[in-house]
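Take a look at the structure set out below.
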Amino acid sequence: RLVQVVLPRRAAGVDHADAQFAIGIGHGVAQDFVDFRVGHGLEGEPCADATIVQDLDGTHWLFVNKAFDKFKDNTSHLYIYRIDDLDSFKLTPHERNPVVTDSRHARNGGSCFIDGDGRLLRPAQCNRHGIYGESLVLCNIKQLSLSTYEEEIVETIRPHFKDGLFATHHLTMLDELFVIDGCYRHR
34 RLVQVVLPRR
44 AAGVDHADAQ
54 FAIGIGHGVA
64 QDFVDFRVGH
74 GLEGEPCADA
84 TIVQDLDGTH
94 WLFVNKAFDK
104 FKDNTSHLYI
114 YRIDDLDSFK
124 LTPHERNPVV
134 TDSRHARNGG
144 SCFIDGDGRL
154 LRPAQCNRHG
164 IYGESLVLCN
174 IKQLSLSTYE
184 EEIVETIRPH
194 FKDGLFATHH
204 LTMLDELFVI
214 DGCYRHR
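Residue numbers (the working numbering): 34 to 220.
If you want it as structure tokens, here you go:
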């Protein structure tokens, strides 16, 4: 079952390119929010699209995009940290960070999920042709440990599922329900 939700890239008058967001995790209530900028090794680093991944062995990982240059480009570098303790959010960086350096599939594009074939898939934004979030790719995570990371692109989702769309950059799955975004051209 596919449920399509089309959201504008600008919400409530905020231009997301200029906004500063705190990256954190909550346990359902605001008081439990953990600010990644304090005490977790990511202080002062411009980060985006953080997602927690539980691998097929039950280990928790933080996948996050970080800027690497003075322009704060966070579309082309993927960093991974093992979460050693969910309560204190103690992180151990991957030995090969950044594990992906390619704007065609580094930027996270939603939560990872396990498909019907038992593969752990990571949605990623494909930023090309001068379009932020031009399309999505699904990457099969083939190997994941503190010393190895290997993924393979197994599917490309282009914004052709609805007339008038020119970009799609986020996919979330829960059970058999998918939510995918799309961006229309201004008329």
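The beta-carbon is built from N, C-alpha and C at its ideal position, and this holds for glycine as well. Note that the structure is a prediction, hence the values are computed from the model and not measured.
message: Whole angstroms are fine: how far does the CA of D117 sit from the CA of Y217?
response: For the purposes of this step, residue 217 is taken as the residue at position 184 of the sequence shown. For the purposes of this step, residue 117 is taken as the residue at position 84 of the sequence shown. When rounded, the distance between both Cα atoms is 41 Å.
query: With contact counted as at least three CB pairs below 8 Å, one residue from each stretch, are the segment 195-208 and the segment 155-164 in contact?
result: The segment 195-208, when compared against the segment 155-164, does touch it at the 8 Å Cβ threshold.
- prompt: For L207, which option in S178, I186 and G149 has the closest C-alpha, if you only look at C-alpha atoms?
  reply: Counting from 1 along the sequence shown, the entry for residue 207 is found at position 174. It is G149.
task: Kindly examine the ligand MG and report whether one of its heavy atoms sits closer than 8 Å to the Cβ of P131.
output: Although the ligand MG was asked about, the structure shown includes no ligands whatsoever.
task: Keeping to the same chain, check which residues put their C-beta closer than 6 Å to that of V86; ignore five residues upstream and five downstream.
output: Here residue 86 corresponds to residue number 53 of the sequence shown, with the count starting at 1. Annotation for V86: W94, F96 and C145 place their beta carbon closer than 6 Å to its own, counting only its chain and skipping 5 residues before and after.
- request: Using the Cα positions of P131 and L171, report the straight-line distance between them to the nearest angstrom.
  value: The sequence position of residue 131 within the sequence shown is 98, counting from 1. The sequence position of residue 171 within the sequence shown is 138, counting from 1. Straight-line measurement puts the Cα of L171 at about 19 Å from the Cα of P131.
- prompt: Is the Cβ-Cβ distance between S109 and R155 less than 9 Å?
  reply: The sequence position of residue 109 within the sequence shown is 76, counting from 1. The sequence position of residue 155 within the sequence shown is 122, counting from 1. Not closer than 9 Å, so no.
message: Check for me: the beta strand (DSSP E) holding S168 runs from which residue to which?
response: Looking up residue 168 in the sequence shown gives position 135. Note, S168: beta strand (DSSP E), I164 to L177.
task: Can you tell me which of R115, T134, N173 and N160 puts its alpha carbon nearest to the alpha carbon of L179?
output: Working through the sequence shown from its first residue, we reach residue 179 at position 146. The option with the nearest alpha carbon to L179 is R115.
Collapsed DSSP secondary structure at E78 in the structure displayed: The residue you call residue 78 lines up with position 45 of the sequence shown. Three-state result, E78: coil.
message: Once DSSP output is grouped into helix, strand and coil, what is the label at L89?
response: Here residue 89 corresponds to residue number 56 of the sequence shown, with the count starting at 1. Residue state, collapsed to three classes: coil.
query: Anyone know if the C-beta pair for L177 and T125 falls short of 9 Å?
result: One-based indexing of the sequence shown puts residue 177 at position 144. One-based indexing of the sequence shown puts residue 125 at position 92. Contact check for L177 against T125 fails: the beta carbons are separated by 9 Å or more.
task: Please go through the same chain and pick out, in chain order, the residues whose beta-carbon is closer than 6 Å to the beta-carbon of R191, but skip the five residues on each side of it.
output: Taking the first residue of the sequence shown as 1, we reach residue 191 at position 158. Shown here for R191: same chain residues with a beta carbon closer than 6 Å to its own, the five before and five after excluded, namely S168 in chain order.
task: Would you kindly work out how many angstroms separate the C-alpha atoms of R152 and I174, rounded to a whole number?
output: For the purposes of this step, residue 152 is identified with residue 119 of the sequence shown, where counting begins at 1. For the purposes of this step, residue 174 is identified with residue 141 of the sequence shown, where counting begins at 1. Approximately 7 Å, taken between the alpha carbons.
message: What would DSSP say about K105, mapped onto helix, strand or coil?
response: Locating residue 105 in the sequence shown gives position 72, counting from the first residue. In this structure, DSSP gives K105 a state outside helix and strand, which the three-state scheme calls coil.
- prompt: Fully enclosed by the segment 114-157, which beta strand (DSSP E) runs are 3 residues long or longer?
  reply: Within the segment 114-157, the complete beta strand (DSSP E) runs of at least 3 residues are 123-126.
query: At which residues does the beta strand (DSSP E) containing E183 begin and terminate?
result: Sequence index remark: in the sequence shown, residue 183 carries index 150 (1-based). Run containing E183: Y182 to I190, per the beta strand (DSSP E) assignment.
task: Can you say whether E184 is buried or exposed, counting buried as having 16 or more other CB atoms within 10 angstroms of its CB?
output: As a first step, residue 184 must be located in the sequence shown, where it is residue number 151. Under this definition E184 is a buried residue.
- prompt: Bridge partners of N19, per DSSP?
  reply: Lying before the first or after the last residue shown, residue 19 is absent from the chain, which here runs from 34 to 220.
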